[in-house]
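Visitor: Be aware that the sequence shown starts at 1, since it is given in UniProt numbering, and climbs by one per residue.
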Amino acid sequence: MVESYHHQFAASTLPFGHSQHPELMEIKCEEVDSDERCLTPEPPPPMSYQQGSPDEHELERAFLDRAQNDSPISRVEIPIETSKSPYLSARGNVANIFRGSTEEGYKAYHADKYDEDKNPNGIINFGTSENKLCFDLMSKRVSWHLHYCVFLSLREEVARFLTYYCKAPAPLKAENVIVLNGCGSLFSALATVLCDPGEAILIATPFYGGVTQSVFLYGNVKLVYAYLDSKITGTNTRPFQLTVDKLEKALQDARAEGIAVKALILLNPQNPLGDIYSLAELRDYLDFAKRHELHVVVDEIYMLSVFDESAIFHSVLGMDRLPDPLRTHVMWGISKDFAVSGIRFGTLYTENQDVANAVASLCYFHGVCGPVQHKIAQLLRDRDWINQVYLRANHARLKAAHTYVTDELKTLGVPFLNRNAGFFVWIDFRKYLRTGTFEEEMLLWRRFLSNKVLLSCGKAFECSEPGWFRIIFADKTHRLQLGEQCFPSPIFPQPFQL
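(1) Round the Cβ separation of Phe473 and Ala401 to the nearest angstrom and send it over; I've been treating them as touching at under 8 Å.
(2) What is the C-beta distance between Gly346 and Leu186, in whole angstroms, given that I count them as a contact (C-beta under 8 Å)?
(3) Tyr225 lies in the beta strand (DSSP E); which residues open and close that run?
(4) Alpha carbon to alpha carbon, how far is Gly367 from Val425?
(5) At which residues does the alpha helix (DSSP H) containing Ala356 begin and terminate?
(6) Under three-state DSSP, which class holds Cys457?
(7) List the endpoints of the continuous beta strand (DSSP E) containing Tyr390.
(8) At a cut of 8 Å, does the segment 334 to 341 reach the segment 236 to 247 through at least three beta carbon pairs?
(9) Where do the ends of the alpha helix (DSSP H) carrying Asp284 lie?
(10) Skipping 5 residues on each side, what residues in its chain have a beta carbon closer than 8 Å to that of Ala200?
(11) Alpha carbons only, please: which of Phe338, Thr435 and Trp468 is nearest the one belonging to Arg383?
(12) Using only CA atoms, which one of Lys476, Asn121 and Pro466 lies nearest to Leu398?
(13) Output needed for Ala360: all residues of its chain with C-beta closer than 7 Å, excluding positions within five of it in sequence on either side, in chain order.
(14) Indicate whether Arg307 and Pro269 have their beta-carbon atoms separated by less than 8 Å.
(15) When the Cα atoms are used, what is the spatial distance from Val215 to Ala189?
(16) What are the boundary residues of the beta strand (DSSP E) that Lys262 is part of?
(17) Within its chain, find whatever has a CB closer than 6 Å to the CB of Ala191; leave out the 5 residues flanking it on each side and keep chain order.
(18) For Asn125 versus Leu480, is the C-beta spacing smaller than 8 Å?
(19) Is the beta carbon of Gly318 less than 8 Å from the beta carbon of Ala168?
(20) Is Tyr349 helix, strand or coil when you go by DSSP?
(21) Please say whether Ala256 and Ala226 have beta carbons closer to each other than 8 Å?
(22) If you drop the 5 nearest sequence neighbours on each side, which residues of the same chain put their C-beta closer than 7 Å to that of Ala250?
(23) Less than 7 Å between the CB of Val355 and some heavy atom of the ligand SAH, yes or no?
(24) Ends of the alpha helix (DSSP H) at Arg447?
(25) Buried or exposed, going by whether 16 or more other CB atoms sit within 10 Å of the CB of Thr437?
(26) Taking Asn352 as the reference, which of Cys363, Arg327 and His374 has the closest Cα?
(27) State buried or exposed for Arg291, treating a residue as buried only when at least 16 other CB atoms are found within 10 Å of its CB.
(28) Could you check whether Phe207 and Leu380 sit closer than 8 Å to each other, using their CB atoms as the reference points?
(29) Going by CA-CA distance only, name the one from Asp229, Val340 and Val298 that's closest to Leu348.
(30) Which residue marks the beginning of the beta strand (DSSP E) containing Ile203, and which one marks its end?
(31) Quick check: what's the CA-CA separation for Ala174 versus Phe448?
(32) Tell me which same chain residues have a C-beta within less than 6 Å of the C-beta of Asn394, skipping the five on either side of it?
(33) Have a look at Val2 and Thr235 and give me their C-alpha separation to the nearest angstrom.
(34) Counting only the same chain and skipping the five closest in sequence on each side, list residues whose C-beta sits under 6 Å from that of Pro325.
(35) Could you tell me the distance, in whole angstroms, from the CA atom of Glu300 to the CA atom of Val330?
Right, here's the structure in full:
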């Protein structure tokens, strides 16, 4: 069956016009023709643990604000004219560029952040991938007590949790679990222990660009791109489909240039596409990696954010037999699935004890504090609440928000990929680019920002085609509606004037 790709063109309109919720429309598929850096945001406000009922807005900010931003970066390019600090090493100067670059969107957002009471005319953030729909459930569930839990108890809870939700054929072992303060730290640690400086990891584009920063800053590890595009080449293909042939080409091209590729990164569910890989696809990717003796790092951080019952997620940990178990490493964290982006917790499961020990040695720098360990262990242990209360509510809210946003896009004739996982929709604004360049894409992105809407542009995900954008829908309805109102009508005059 041909991939369902929503594409209806309308008159000179804009995404999220002020229309009523339309009936769900079946739209047939049609073929689609087809170096930046990141500024870490301002530090979040400190958490307040007062007795009684804290102010909901303050507590919400404490849960959701992140120590590092979901602002994707692309390849690392150091301009020749960049000034260097005499106080820093060469590596320190590179890190300083990441910290101090002009990522104007997030600078503007943090300087003019929307607040219902204090700044009602501020910028609406549709760019950061965090779940704002279930804060009420998590704030009631997670209270803070300064108790210390033995590290092993958390690892045991993680092993039991992953065994259950990943549908592992046999119980997973606590000694194979490593815990660090976030999946960014895990990417950094894995790159450091799997690769030597100057070596590379293979990844398909578009992808969450924060991976670039994670593997490069400490490990000086490069990324080799397997470029995907939106073309549909047959009845059983879909836009931006990852195939073994595309991985093979990227690997061989890199080797022809003398680049040593040591690993493959898979994002499942995929960010920003929202794709879920089938069991057959996963096995093909793992077989490819085994043939070339590549480690496979599988990031499953959105595994519980599959919000449609018709979509089936397959974890690598649920496979009956792994082609190369000692080179297969699976990551997961609570920030996405449990709507607590401000709590930094990531876990790695690997049967390779050499890899486990090497990554664990970096816990000294990237550990999780005792109170957070304790509360996470309690959370993961309470499977009845997770299944009967949280996941039911979260999936229903995600589905409703996704339906609202995609119905608006369909009504306005804006093409997009219709997927059932994650917090984002991958939308196609290529028809608004006159010459189809990334420079025009950036101008369009600034057009949105000037109208108080922050999106993420495709270049930030190393997309090969200019004009694609990621919009986050996992937000409260009133903020989605306010985001609509921030767009002038029409925002895209014809012909499009940049």
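Ideal Cβ placement from N, Cα and C applies to all residues, glycine included.
Guide: Reading from the atomic positions:
(1) Against the sequence shown, residue 473 aligns to sequence position 473. Against the sequence shown, residue 401 aligns to sequence position 401. At roughly 5 Å, the Cβ-Cβ gap stays under 8 Å, so Phe473 and Ala401 are in contact.
(2) For the purposes of this step, residue 346 is taken as residue 346 along the sequence shown, with counting starting at 1. For the purposes of this step, residue 186 is taken as residue 186 along the sequence shown, with counting starting at 1. Indeed they touch by this definition, with Cβ atoms about 5 Å apart.
(3) Numbered from 1 along the sequence shown, position 225 holds the residue referred to as residue 225. It spans Lys222 to Tyr227 - the beta strand (DSSP E) in which Tyr225 sits, taken as one unbroken run.
(4) Within the sequence shown, numbered from 1, the residue matching residue 367 stands at position 367. Within the sequence shown, numbered from 1, the residue matching residue 425 stands at position 425. When rounded, the distance between both Cα atoms is 33 Å.
(5) In the sequence shown, the residue the question calls residue 356 occupies position 356. Looking at the DSSP string, the run of the alpha helix (DSSP H) that includes Ala356 is Gln353 to Ala360.
(6) To locate residue 457, count along the sequence shown from 1; it is residue 457. Strand, per DSSP.
(7) Stepping through the sequence shown from its first residue, residue 390 is reached at position 390. Looking at the DSSP string, Tyr390 is not in any beta strand (DSSP E), and its letter there is neither H nor E.
(8) no
(9) For the purposes of this step, residue 284 is taken as residue 284 along the sequence shown, with counting starting at 1. Residues Leu279 to Arg291.
(10) Taking the sequence shown and counting its residues from 1, the one referred to as residue 200 is at position 200. Once the five neighbours on either side are set aside, the close Cβ partners of Ala200 are Val221, Lys222, Leu223, Val224, Ala254, Ile259, Ala260, Val261 and Lys262.
(11) The count along the sequence shown starts at 1 and reaches residue 383 at position 383. For Arg383, the nearest C-alpha among the options comes from Phe338.
(12) Walking along the sequence shown from the start, residue 398 turns up at place 398. Taking only the C-alpha atoms, the option nearest Leu398 is Lys476.
(13) Here residue 360 corresponds to residue number 360 of the sequence shown, with the count starting at 1. Excluding positions up to five away in sequence, the list reads Ile178.
(14) Position 307 of the sequence shown holds residue 307. Position 269 of the sequence shown holds residue 269. One point to set straight first is that residue 307 is Phe, not Arg, in the sequence displayed. For Phe307 and Pro269, no; Cβs fall outside 8 Å.
(15) Residue 215 sits at position 215 when you count from the first residue of the sequence shown. Residue 189 sits at position 189 when you count from the first residue of the sequence shown. Approximately 8 Å, taken between the alpha carbons.
(16) Position 262 of the sequence shown holds residue 262. Per DSSP, Lys262 belongs to the beta strand (DSSP E) from Val261 to Leu267.
(17) Locating residue 191 in the sequence shown gives position 191, where the first residue counts as 1. Excluding residues within five positions, the ones whose Cβ falls inside 6 Å are Val215, Gly219 and Val221.
(18) As a first step, residue 125 is located in the sequence shown; it is residue number 125 there, counting from the start. As a first step, residue 480 is located in the sequence shown; it is residue number 480 there, counting from the start. Cβ atoms of Asn125 and Leu480: not closer than 8 Å.
(19) Here residue 318 is taken as the residue at index 318 of the sequence shown, counted from 1. Here residue 168 is taken as the residue at index 168 of the sequence shown, counted from 1. In this structure, Ala168 lies closer than 8 Å to Gly318 by Cβ.
(20) In the sequence shown, the residue the question calls residue 349 occupies position 349. Reduced to three states, the DSSP call for Tyr349 is strand.
(21) Sequence index remark: in the sequence shown, residue 226 carries index 226 (1-based). Sequence index remark: in the sequence shown, residue 256 carries index 256 (1-based). Contact: no.
(22) Within the sequence shown, residue 250 is the residue found at index 250, counting from 1. Excluding positions up to five away in sequence, the list reads Leu202, Val224, Tyr225 and Ala226.
(23) The model depicted lacks the ligand SAH and carries no ligand whatsoever.
(24) The residue you call residue 447 lines up with position 447 of the sequence shown. Arg447 -> alpha helix (DSSP H) spans Phe438 to Ser450.
(25) On the sequence shown, position 437 is the one that residue 437 refers to. Exposed is the call here.
(26) Walking along the sequence shown from the start, residue 352 turns up at place 352. The candidate whose alpha carbon is nearest that of Asn352 is Arg327.
(27) For the purposes of this step, residue 291 is taken as residue 291 along the sequence shown, with counting starting at 1. Arg291 is exposed by the Cβ-count criterion.
(28) As a working mapping, residue 380 is identified with position 380 in the sequence shown. As a working mapping, residue 207 is identified with position 207 in the sequence shown. No, the pair does not count as a contact, with Cβ atoms beyond the cut-off.
(29) Taking the sequence shown and counting its residues from 1, one reaches residue 348 at position 348. Residue Val298 is the option with its Cα nearest to Leu348.
(30) Walking along the sequence shown from the start, residue 203 turns up at place 203. Ala200 to Thr205 is the span of the beta strand (DSSP E), which, as asked, contains Ile203.
(31) Walking along the sequence shown from the start, residue 174 turns up at place 174. Walking along the sequence shown from the start, residue 448 turns up at place 448. Ala174 and Phe448: Cα-Cα distance of roughly 47 Å.
(32) As a first step, residue 394 is located in the sequence shown; it is residue number 394 there, counting from the start. Hits under 6 Å: Cys134.
(33) One-based indexing of the sequence shown puts residue 2 at position 2. One-based indexing of the sequence shown puts residue 235 at position 235. Bear in mind that a pLDDT of 38 at Val2, under 50, signals an unreliable position, so the model cannot answer this.
(34) The residue given as residue 325 occupies position 325 in the sequence shown. Cβ within range, chain order: Glu351.
(35) Within the sequence shown, numbered from 1, the residue matching residue 300 stands at position 300. Within the sequence shown, numbered from 1, the residue matching residue 330 stands at position 330. The straight-line gap from Cα to Cα measures roughly 7 Å.
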